[in-house]
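Q: Handing you this structure, nothing more for now.
There are 2 protein chains.
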Amino acid sequence: MNPAGYPGAVSEAVWDRSRCSVAGTLAVVGEKWSLLVLREAFLGVRRFADFQRVLGAPRAVLSDRLATLVAQGVLQRVPYQAEGERQRHEYRLTQKGIDLHPALVALMEWGDRYLAEDGEAPLELRHRDCGEPVHLALVCAAGHELAGAREVRAVPRVPAG
Amino acid sequence: MNPAGYPGAVSEAVWDRSRCSVAGTLAVVGEKWSLLVLREAFLGVRRFADFQRVLGAPRAVLSDRLATLVAQGVLQRVPYQAEGERQRHEYRLTQKGIDLHPALVALMEWGDRYLAEDGEAPLELRHRDCGEPVHLALVCAAGHELAGAREVRAVPRVPAG
DNA sequence: CGAAGGGGGTTCGTCAAGTGAACCCAGCGG
DNA sequence: CCGCTGGGTTCACTTGACGAACCCCCTTCG
Chain U
1 MNPAGYPGAV SEAVWDRSRC SVAGTLAVVG EKWSLLVLRE AFLGVRRFAD FQRVLGAPRA
61 VLSDRLATLV AQGVLQRVPY QAEGERQRHE YRLTQKGIDL HPALVALMEW GDRYLAEDGE
121 APLELRHRDC GEPVHLALVC AAGHELAGAR EVRAVPRVPA G
Chain D
1 MNPAGYPGAV SEAVWDRSRC SVAGTLAVVG EKWSLLVLRE AFLGVRRFAD FQRVLGAPRA
61 VLSDRLATLV AQGVLQRVPY QAEGERQRHE YRLTQKGIDL HPALVALMEW GDRYLAEDGE
121 APLELRHRDC GEPVHLALVC AAGHELAGAR EVRAVPRVPA G
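Protein chains in written order, with UniProt numbering: chain U, 1 to 161; chain D, 1 to 161.
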């Protein structure tokens, strides 16, 4: 244990919150609707009107969130032209955006566990190749799958001072 | 592939967003400061004044977020008394709160990858038992570790209609 | 040709939420 | 009794979300 009493806890003065990666990530995708936009993007939605319809978000907000996500490099605004139609553009996930997938999965798994009324997740994730259900796990470089947060020790990289 | 063009994408009309677990989870912890409060809780912070000091959040907001998280069962308000001091109370993670750990880790890993200026994560997670670094992974019930979001297929549990 | 319609927005008035400073109260130490 | 500390609440102000209305571009239809 440690002064704070949690396994894995870090003495509070020892690390610099101002560069915390959680806060940084939330500065990019933490505004209202941003993560829901990304959820839809992962489900294949690409066009403004479709985002607007499935999310029900105010157009102005949606417009702002999409612009922000594009500016951050999480989405990409791509022009395209279906035959017989005029040119449009669509929003696609970049690699940077695709790498947010675990965060969405983590939020989804928690909601499935604690919020689903009937105990049934509305959406299930399966391995494309083998069809088995998929879940997030913490694994260490030695190959152990950790049972929970208690098995994790947080180590600040730059000591105080 | 599918109509939307993404591997794993779900035809848009096929599932009901209103019960989406991502949205549900964000309704619980998606307000400003909530996830940062939980980050500190995982690092061992427990008292109001400590949250306030390390986060720099307005007291009124912090007060509201803590109350909300307690009401949601993510934190627990526990009275305690150190010797020679008057009775105080502290905020502790419940199991429901501890289960949000993967979500925070996912956000942290993304920030480490894309936002750390020097390429060095400010905080590293290690396995308590073997000391090896730890990371989040998608694993399927057959034991495969998935390489990325593209290997995931989302299956709605309740068909349209 | 002009009208209609849909995609992709912006603008505007209103209302909720976040912010910082000030204030409050209980309990303890002197 | 005075002042200090922890844990808040209240208040005035600014920022952000909301819904409705409006706008432009391009295409199709009459």
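We treat Cβ as the ideally placed atom computed from N, Cα and C, and that holds for glycine.
Can you give me the start and stop residues for the beta strand (DSSP E) that glutamate 74 of chain D sits inside?
A: A quick correction: the sequence has valine, not glutamate, at residue 74 of chain D. It is not in any beta strand (DSSP E) - valine 74 of chain D carries neither H nor E in the DSSP assignment.
Q: Provide the residue(s) that pair with leucine 36 of chain D in DSSP beta bridges, ordered along the chain.
A: The partner list for leucine 36 of chain D (beta bridge, DSSP) is empty, contrary to what the question assumes.
Q: Tell me the DSSP bridge mates of leucine 138 of chain U?
A: D:Leu136
Q: Could you check whether the Cβ of alanine 9 of chain U sits closer than 9 Å to any Cβ belonging to chain D?
A: In this predicted model, alanine 9 of chain U has a pLDDT of only 48, less than 50, meaning its place in the structure is not dependable enough to derive any value.
Q: Counting only Cβ pairs nearer than 9 Å, list the residues of chain D close to residue 164 of chain U.
A: Any answer about residue 164 of chain U is impossible in this case: the structure gives chain U only from 1 up to 161.
Q: Judging by CA-CA distance, which residue of U:Ala103, U:Glu117 and U:Ala41 is the nearest neighbour of glycine 30 of chain D?
A: Minimum Cα-Cα distance from glycine 30 of chain D among the listed residues U:Ala103, U:Glu117 and U:Ala41 corresponds to U:Ala103.
Q: For a test of the three-state rule: what should DSSP assign to histidine 101 of chain U, helix, strand or coil?
A: In this structure, histidine 101 of chain U counts as helix in the three-state DSSP scheme.
Q: Using 8 Å as the threshold, is the stretch 122-135 of chain D in touch with the stretch 145-154 of chain U, meaning 3 or more CB pairs across them?
A: Touching, yes, given that three or more Cβ pairs across the two stretches are closer than 8 Å.
Q: Can you tell me whether proline 122 of chain U is buried or exposed, with buried defined as 16 or more other CB within 10 angstroms of its CB?
A: buried
Q: Comparing alpha-carbon positions, which option in U:Arg17, U:Lys32 and U:Val22 lies nearest valine 105 of chain D?
A: U:Val22
Q: Rounded to whole angstroms, what's the CA-CA distance from tyrosine 114 of chain D to glycine 97 of chain D? Just pull it up for me.
A: 26 Å
Q: Tell me whether serine 34 of chain D is buried or exposed, calling it buried when 16 or more other Cβ atoms sit within 10 Å of its Cβ.
A: buried
Q: Note down the Cα distance separating aspartate 99 of chain U from glutamate 109 of chain D, rounded to an integer number of angstroms.
A: 9 Å
Q: Per DSSP, leucine 93 of chain D is paired with what?
A: D:Leu75
Q: Give me the subset of the stretch 53-82 of chain D whose CB atoms are less than 7 Å from a CB atom of chain U, sorted by chain position.
A: Val54
Q: For threonine 94 of chain U, I'd like the list of residues in its chain whose CB is within less than 8 Å of its CB, leaving aside the five on either flank, ordered along the chain.
A: Gly73, Val74, Leu75 and Gln76
Q: Using DSSP with H/G/I as helix, E/B as strand and the rest coil, what is alanine 121 of chain D?
A: Residue state, collapsed to three classes: coil.
Q: List the endpoints of the continuous beta strand (DSSP E) containing arginine 153 of chain D.
A: 152-156
Q: Suppose contacts are defined by Cβ-Cβ distances below 9 Å. Is residue 223 of chain D in contact with tyrosine 91 of chain D by that definition?
A: Nothing can be reported for residue 223 of chain D, as the shown portion of chain D is limited to 1 through 161.
Q: Distance cutoff 9 Å, beta carbons only. Does alanine 49 of chain U sit that close to anything in chain D?
A: no
Q: Have a look at proline 156 of chain U and threonine 68 of chain D and give me their C-alpha separation to the nearest angstrom.
A: 29 Å
Q: Measure from the alpha carbon of serine 18 of chain U to the alpha carbon of each residue in D:Asp16, D:Ala57 and D:Tyr80, then state which is nearest.
A: D:Ala57
Q: Got a sec: is the Cβ-Cβ distance from histidine 144 of chain D to anything in chain U below 9 Å?
A: With 9 Å as the cut-off, histidine 144 of chain D counts as an interface residue toward chain U.
Q: Please compile the residues from chain D whose C-beta is within a distance smaller than 7 Å of the C-beta of tyrosine 114 of chain U.
A: Lys96
Q: Which same chain residues, not among the five before or five after glutamate 145 of chain U, have their C-beta less than 6 Å away from its C-beta?
A: Ala137 and Val139
Q: Which residues does DSSP pair with arginine 88 of chain D in a beta bridge?
A: D:Tyr80
Q: Examine chain U for any beta-carbon lying closer than 9 Å to the beta-carbon of histidine 127 of chain D, and answer yes or no.
A: yes
Q: For a quick check, are the C-beta atoms of leucine 26 of chain D and leucine 107 of chain U less than 9 Å apart?
A: yes
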